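Heads up: the structure comes next, in structure tokens.
Protein chains in written order, with our numbering: chain S, 1 to 112; chain X, 113 to 224.
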């Protein structure tokens with residue numbers, strides 16, 4: 001398996017634009033996590049899914065953030081409209097029932 | 113992904129020495145713990161895990177110790193190598209909530 005695949009690796013966008021981050025989890029995994037990493041806040045859990053169903057989105061900072069998992073092999077994290085303070089590295093991770101979560105390489109988002 | 117930076121505690125060791133990285137957790141209901149290693153520009157990488165019904169688990173050159181009484185976790189790395197230089201995170205998981213929450217991290221610097 002290629003591991004967790006995230007795209008794009010880097011994204012630079014202007015304030016106010018919509019940004020969509022994509023994640024393909026490891027085949028067979030049923031839990032998927034979205035994290036955000038910044039120097040100030042470290043690794044923050046934004047939302048996680050079990051069996052494609054969002055279980056806890058209490059970490060999503062604002063209504064501008066939304067996440068979907070239409071099937072077991074794909075998830076998106078969308079920011080609309082984006083703001084400079086959203087600049088961070090966004091990680092997707094997948095696991096079997098939350099155990100031994102494996103991370104993707106991350107998407108570095110810069111909002112100017 | 114860039115790791116948490118300026119205010120991370122740093123452990124500096126000589127190559128060949130043993131390293132001990134500590135972590136405190138707050139959720140007494142946590143029943144599963146993972147140590148991750150994050151190198152610059154990469155996502156966190158799974159190192160070793162331990163369940164709450166154990167107090168010690170060994171891997172290749174690594175040992176994790178769990179003290180539930182004081183809610184403390186440690187990662188011991190034997191014969192530390194330059195390639196071990198990275199930021200190390202502990203993460204705890206409460207099965208009932210299915211959330212994997214990360215600590216702030218410790219930067220390990222290995223000097224030749």
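All C-beta atoms in this analysis are idealised placements derived from N, C-alpha and C, irrespective of residue type, glycine included.
From a predicted model like this one, the values you see are computed outputs, not experimental measurements.
Between residue 67 of chain S and residue 123 of chain X, the alpha-carbon positions lie close to 37 Å from each other. For residue 145 of chain X, no chain S residue has a C-beta closer than 7 Å to its own C-beta; the minimum C-beta separation is roughly 11 Å.
Among the bridge pairs identified by DSSP, residue 80 of chain S is matched with none. Nearest Cα to residue 184 of chain X within the set X:120, X:145, X:130 and X:131: X:145.
By DSSP's assignment, residue 53 of chain S forms a beta bridge with S:50. Among the residues facing chain X, residue 11 of chain S is not included, as its CB has no counterpart in that chain under 8 Å away. Taking 9 Å as the upper bound on Cβ-Cβ separation, chain S lies near residues 201, 203, 205, 207, 209, 210, 211, 212, 213, 214, 215, 216 and 217 of the stretch 195-221 of chain X. Just measuring C-alpha positions, the residue of X:201, X:148, X:164 and X:205 sitting nearest residue 182 of chain X is X:164.
The three-state secondary structure of residue 196 of chain X, taken from DSSP, is helix.
Residues of the stretch 29-40 of chain S whose Cβ lies closer than 9 Å to any Cβ of chain X, in chain order: 31, 33, 35, 37, 38, 39 and 40.
Listed by position along chain S, the residues whose Cβ is nearer than 9 Å to that of residue 167 of chain X form an empty set, because the closest Cβ is around 19 Å away. Using a Cβ-Cβ cut-off of 8 Å, residue 161 of chain X counts as an interface residue toward chain S, since at least one Cβ of chain S sits closer than that to its own. Nearest CB-CB separation between residue 101 of chain S and chain X: below the 8 Å threshold. Annotated as distal: residue 49 of chain S and residue 155 of chain X, with beta-carbon spacing of 8 Å or more. Cβ atoms of residue 205 of chain X and residue 42 of chain S stay farther apart than 8 Å, at about 17 Å.
Here DSSP, grouped into helix, strand and coil, assigns residue 173 of chain X to coil.
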